[in-house]
Amino acid sequence: MVHVDSDTIVRLKGPLVFKCNFDSTNVLQNVISSTFDDLRSQVKSENCVFAVSESPVFIWPNKGVQATPEDVTPTTPCEDLHQWILTNEQESVGKKGNKRKSKKVASANVLNLHLMMEVTRPGPLSAPILSKTVQKSSFISTTLLMDCVVCTSSTDTIKDACERLLEVVTDQLCMMEKVMLRHVTGTQLFVPQPLHFLLPEPKGLVTAVFPAGVPESELESHRKELHEQYEMPEDRPYFRRVNAFHFPNEPYKDGYLRNPHQALTNPSLENGKVYLVQGIYSYHHYMQDRIDDNGWGCAYRSLQTICSWFQQQGYSDRPVPTHKEIQQALVDVGDKQQSFVGSCQWIGSIEVQAVLNQLLGITSRIMFVSQGSELASKGRELANHFLNEGTPIMIGGGVLAHTILGVTWSETTGQIRYLILDPHYTGAEDLQHITEKGWCGWKGPEFWDSTAYYNLCLPLRPKII
1 MVHVDSDTIV
11 RLKGPLVFKC
21 NFDSTNVLQN
31 VISSTFDDLR
41 SQVKSENCVF
51 AVSESPVFIW
61 PNKGVQATPE
71 DVTPTTPCED
81 LHQWILTNEQ
91 ESVGKKGNKR
101 KSKKVASANV
111 LNLHLMMEVT
121 RPGPLSAPIL
131 SKTVQKSSFI
141 STTLLMDCVV
151 CTSSTDTIKD
161 ACERLLEVVT
171 DQLCMMEKVM
181 LRHVTGTQLF
191 VPQPLHFLLP
201 EPKGLVTAVF
211 PAGVPESELE
221 SHRKELHEQY
231 EMPEDRPYFR
241 RVNAFHFPNE
251 PYKDGYLRNP
261 HQALTNPSLE
271 NGKVYLVQGI
281 YSYHHYMQDR
291 IDDNGWGCAY
301 RSLQTICSWF
311 QQQGYSDRPV
321 PTHKEIQQAL
331 VDVGDKQQSF
341 VGSCQWIGSI
351 EVQAVLNQLL
361 GITSRIMFVS
371 QGSELASKGR
381 ELANHFLNEG
391 TPIMIGGGVL
401 AHTILGVTWS
411 ETTGQIRYLI
421 LDPHYTGAED
431 LQHITEKGWC
441 GWKGPEFWDS
451 TAYYNLCLPL
461 RPKII
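Positions 1 to 465 (full-length UniProt numbering) are the ones given, in order, by the sequence shown.
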């Protein structure tokens with residue numbers, strides 16, 4: 001298990017080629033196990049090389065942790081390897097021999113290594129010998145994409161990290177073997193896929209291996225075993241593939257910001273406690289997806305943020321719905337006429353509740369507030385929601401809709417602050433601008449119109465693995 005708040009996470013990725021022959025005299029399961037034995041031997045051989053990504057550093061972990069350049073020794077602290085990572089400018093001019101500063105400050109806590117196998121050996125080469133054997137057999141070849149992580153502290157050396165990485169690679173090959181044997185069907189093999197999952201403290205980051213291509217519906221027993229192994233409750237989907245940990249140095253391919261509230265400092269109230277959304281969501285706001293919904297689409301965007309939460313927590317395989325899909329869902333449940341689809345009409349909390357149920361099968365609770373001034377008295381209810389359900393809340397009042405991501409509330413004084421994600425933003429995905437200008441920020445009770453009525457849609461978390 002790895003704790004993500006450690007000084008450096010060392011991540012080793014790379015391919016190992018799985019090849020095997022078998023005929024009628026062999027049992028496929030035995031051939032698979034023998035092939036994995038060979039792969040484990042490769043990892044323990046002197047041909048195994050760890051290359052520090054975007055740097056000139058290569059390490060031979062089974063040659064006494066031999067490394068190049070010579071400045072890198074077995075006793076070099078792991079964190080010093082960041083100094084060798086090349087910037088884009090240095091790469092473009094070919095300067096690859098000196099120590100450099102890390103390319104990205106944000107990724108400084110992740111050190112990426114590449115797993116390689118040396119194919120040339122020193123000394124004279126013998127002439128190849130060819131032989132021909134005629135027999136009927138089957139040949140299977142695939143690539144195993146290894147993905148291993150260990151955590152290091154400021155006192156850990158390269159030797160320490162390499163020893164632990166070798167253990168983790170070997171363990172991962174054992175997990176892959178178990179998964180491949182478990183899901184073999186005739187001569188069909190499913191490629192094992194390692195994924196990392198961030199569990200609540202103190203467990204931290206753990207690795208599980210799943211058969212690629214097998215749907216989630218067929219992996220429930222596998223997930224139950226993982227829940228038992230790590231002593232996790234069986235009412236939340238910790239080990240669905242969509243829940244895999246996203247490393248901070250990897251961009252999201254869809255372009256949406258994730259969890260912008262994490263860049264904020266929580267407010268301090270006398271005897272106050274902070275209650276926040278649990279898990280990951282995407283920030284959806286006006287003018288995204290080439291749709292001009294400025295002035296009417298705020299509730300749609302809040303709903304999309306909520307849907308992204310259920311998707312990214314593994315409760316739904318459905319993509320975040322478009323405006324037209326949301327409108328069609330309301331037509332399908334009989335709430336709107338067909339002419340509603342393609343219009344620019346507003347929706348509110350009741351419609352959000354209906355769409356969540358229609359498209360995702362999610363039930364929600366509606367909280368009615370007759371005037372905005374009463375929201376200040378809802379601290380306990382909102383705190384309990386984020387503590388027990390942890391889902392984003394859509395709030396609508398007048399012609400405006402917002403997303404509530406958390407509250408800071410004092411049980412003794414009743415003071416409250418609301419963490420608001422504002423869907424009315426129309427700019428680029430600029431985290432600094434969004435947080436500095438308050439598009440995602442903490443607001444006081446004065447944020448709400450004291451005379452307007454509000455409806456809140458509080459989605460409930462399903463109890464599933």
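By construction, the Cβ of each residue, glycine as well, lies at the ideal position given by its N, Cα and C atoms.
Note that the structure is a prediction, hence the values are computed from the model and not measured.
Asp-147, enclosing beta strand (DSSP E) - first and last residue
Here residue 147 corresponds to residue number 147 of the sequence shown, with the count starting at 1. That run of the beta strand (DSSP E) goes 138-152.
Count the other CB atoms within 10 Å of the CB of Cys-457; is the residue buried (16 or more) or exposed (fewer)?
As a first step, residue 457 must be located in the sequence shown, where it is residue number 457. Buried, by the Cβ-count rule.
I need the straight-line Cα distance from Glu-220 to Gln-353, nearest angstrom please.
Along the sequence shown, read from residue 1 onward, the residue named residue 220 stands at position 220. Along the sequence shown, read from residue 1 onward, the residue named residue 353 stands at position 353. Cα to Cα, the separation comes out at about 28 Å.
Using beta-carbon positions only, say whether Val-169 and Cys-148 come within less than 7 Å of one another.
Reading the sequence shown from its first residue, position 169 is the one you call residue 169. Reading the sequence shown from its first residue, position 148 is the one you call residue 148. Cβ atoms of Val-169 and Cys-148: closer than 7 Å.
Ser-141 versus Ile-32: straight-line alpha-carbon distance, rounded
As a position in the sequence shown, residue 141 is number 141, starting the count at 1. As a position in the sequence shown, residue 32 is number 32, starting the count at 1. Approximately 11 Å between the Cα atoms of the pair.
Which residues does DSSP pair with Ala-401 in a beta bridge?
Position 401 of the sequence shown, counted from the start, is the residue given in the question as residue 401. Answer is Gly-396.
Would you check if the distance between the CB atom of Glu-79 and the CB atom of Thr-8 is smaller than 7 Å?
Stepping through the sequence shown from its first residue, residue 79 is reached at position 79. Stepping through the sequence shown from its first residue, residue 8 is reached at position 8. Yes. Within cutoff.
Which of helix, strand or coil DSSP assigns to Ala-108
To locate residue 108, count along the sequence shown from 1; it is residue 108. Any reading at Ala-108 is ruled out, since the residue's pLDDT is 47, under 50, leaving its predicted position unreliable.
Just tell me which of Gln-313, Ala-263 and Ser-349 has its CA closest to the CA of Thr-391.
Here residue 391 refers to the residue found at position 391 of the sequence shown. Ranking the options by Cα distance to Thr-391, first place goes to Gln-313.
Residues of its chain near Lys-19, where Cβ-Cβ distance is below 6 Å and the 5 sequence neighbours each way are ignored:
Position 19 of the sequence shown, counted from the start, is the residue given in the question as residue 19. Result list for Lys-19: Ser-141, in chain order.
Residues near Ile-347 by beta carbon distance below 6 Å, same chain, minus five either side
Counting from one through the sequence shown, the residue named residue 347 turns up at place 347. Only Ala-299 meet the Cβ criterion.
Kindly confirm or deny that the segment 232-251 and the segment 309-327 touch, where touching means at least three C-beta pairs closer than 8 Å.
yes
Identify whether Thr-451 lies in helix, strand or coil by the three-state DSSP scheme.
In the sequence shown, the residue the question calls residue 451 occupies position 451. If DSSP states are grouped into helix, strand and coil, Thr-451 belongs with coil.
Take Met-176 and list the residues in its own chain whose beta-carbon comes closer than 8 Å to its own, dropping the five residues that flank it on each side.
By one-based count along the sequence shown, residue 176 stands at place 176. Result list for Met-176: Phe-36, Leu-144, Pro-192, Pro-194 and Val-209, in chain order.
Could you name the residues of the same chain whose beta carbon sits closer than 6 Å to that of Pro-423, not counting the 5 residues immediately before and after it, in chain order?
To locate residue 423, count along the sequence shown from 1; it is residue 423. Cβ neighbours of Pro-423 beyond the five flanking positions: His-285, Cys-298, Arg-301 and Ser-302.
Return the chain-ordered list of same chain residues with a C-beta closer than 8 Å to the C-beta of Ala-329, the five sequence neighbours on each side being excluded.
Residue 329 sits at position 329 when you count from the first residue of the sequence shown. Hits under 8 Å: Pro-321, Ala-354, Val-355, Gln-358 and Leu-359.
Per DSSP, Ser-282 forms a beta bridge with which residues?
In the sequence shown, counting from the first residue as 1, residue 282 sits at position 282. According to DSSP, which records beta bridges pairwise, Ser-282 is partnered with Arg-258.
Can you tell me whether Ser-45 is helix, strand or coil according to DSSP?
On the sequence shown, position 45 is the one that residue 45 refers to. It is coil, neither helix nor strand.
Measure the C-alpha to C-alpha separation of Val-43 and Pro-215 and round it to an integer number of angstroms.
Translated into positions along the sequence shown, residue 43 becomes position 43. Translated into positions along the sequence shown, residue 215 becomes position 215. In a straight line, the C-alpha of Val-43 is about 31 Å away from that of Pro-215.
Residue from Leu-276, Ser-153, Thr-120 and Gln-288 whose Cα sits closest to the Cα of Ala-383:
Here the question's residue 383 lines up with position 383 in the sequence shown. It is Leu-276.
State the start and end residues of the unbroken beta strand (DSSP E) segment that holds Gly-14.
As a first step, residue 14 is located in the sequence shown; it is residue number 14 there, counting from the start. Note, Gly-14: beta strand (DSSP E), 8-22.
Looking at the strands, I want to know which residues DSSP matches up with Pro-194.
In the sequence shown, residue 194 corresponds to position 194, counting from 1. Answer is Val-209.
Quick one: grab the DSSP three-state call for Arg-417.
For the purposes of this step, residue 417 is taken as residue 417 along the sequence shown, with counting starting at 1. Strand, per DSSP.
Excluding the 5 residues preceding and the 5 following Gln-432 in the sequence, name in chain order all residues of the same chain whose CB lies nearer than 6 Å to its CB.
For this step, residue 432 is matched to residue 432 along the sequence shown. Closer than 6 Å at Cβ, skipping near neighbours: no residue.
Chain-order list of residues whose beta-carbon lies under 6 Å from that of Leu-72 (same chain, five-residue window excluded)
Working through the sequence shown from its first residue, we reach residue 72 at position 72. Before going further, note that residue 72 is Val rather than Leu in the sequence given. These residues qualify, in order along the chain: Val-57.
Would you tell me roughly how many angstroms separate the C-alpha atoms of Phe-447 and Leu-375, rounded to the nearest one?
Position 447 of the sequence shown, counted from the first residue, corresponds to residue 447. Position 375 of the sequence shown, counted from the first residue, corresponds to residue 375. Whole-angstrom Cα-Cα distance: 10 Å.
Under the three-state DSSP convention, the category Lys-96 falls into:
Residue mapping note: residue 96 aligns to position 96 of the sequence shown, counting from 1. For Lys-96, the pLDDT reaches just 43, beneath the cut-off of 50, and the residue's location in the model is therefore unreliable, although a value from the coordinates is still provided. Reduced to three states, the DSSP call for Lys-96 is coil.
C-beta contact flag for Leu-419 and Trp-439 at 7 Å:
Residue mapping note: residue 419 aligns to position 419 of the sequence shown, counting from 1. Residue mapping note: residue 439 aligns to position 439 of the sequence shown, counting from 1. Result no, Cβ atoms of Leu-419 and Trp-439 do not sit closer than 7 Å.
Quick one, are the C-beta atoms of Gly-14 and Met-180 less than 7 Å apart?
Your numbering for residue 14 matches position 14 in the sequence shown. Your numbering for residue 180 matches position 180 in the sequence shown. No, the Cβ-Cβ distance between Gly-14 and Met-180 is not below 7 Å.
Out of Ser-53, Val-65 and Thr-120, which one is the CA nearest neighbour of Leu-86?
The count along the sequence shown starts at 1 and reaches residue 86 at position 86. With distances taken between Cα atoms, Leu-86 lies closest to Ser-53.
Separation of Gln-172 from Trp-84, as counted between CA atoms
Position 84 of the sequence shown, counting from 1, holds the residue named residue 84. Position 172 of the sequence shown, counting from 1, holds the residue named residue 172. Distance between the alpha carbons of Trp-84 and Gln-172 is about 28 Å.
Rounded separation between Asn-62 and Ser-55 - CA only:
As a working mapping, residue 62 is identified with position 62 in the sequence shown. As a working mapping, residue 55 is identified with position 55 in the sequence shown. Going by the C-alpha atoms only, they are around 20 Å apart.
Just how far apart, CA to CA, sit Gly-361 and Val-206?
Counting from one through the sequence shown, the residue named residue 361 turns up at place 361. Counting from one through the sequence shown, the residue named residue 206 turns up at place 206. Cα-Cα distance, rounded: 30 Å.
Looking only at its own chain, which residues have a Cβ that is under 7 Å from the Cβ of Ser-377, when we skip the five neighbours before and after it?
Counted from its first residue, the sequence shown places residue 377 at position 377. No residues qualify anywhere along the chain.
Let me know the secondary structure DSSP gives Arg-236 once reduced to three states.
As a position in the sequence shown, residue 236 is number 236, starting the count at 1. Coil, per DSSP.
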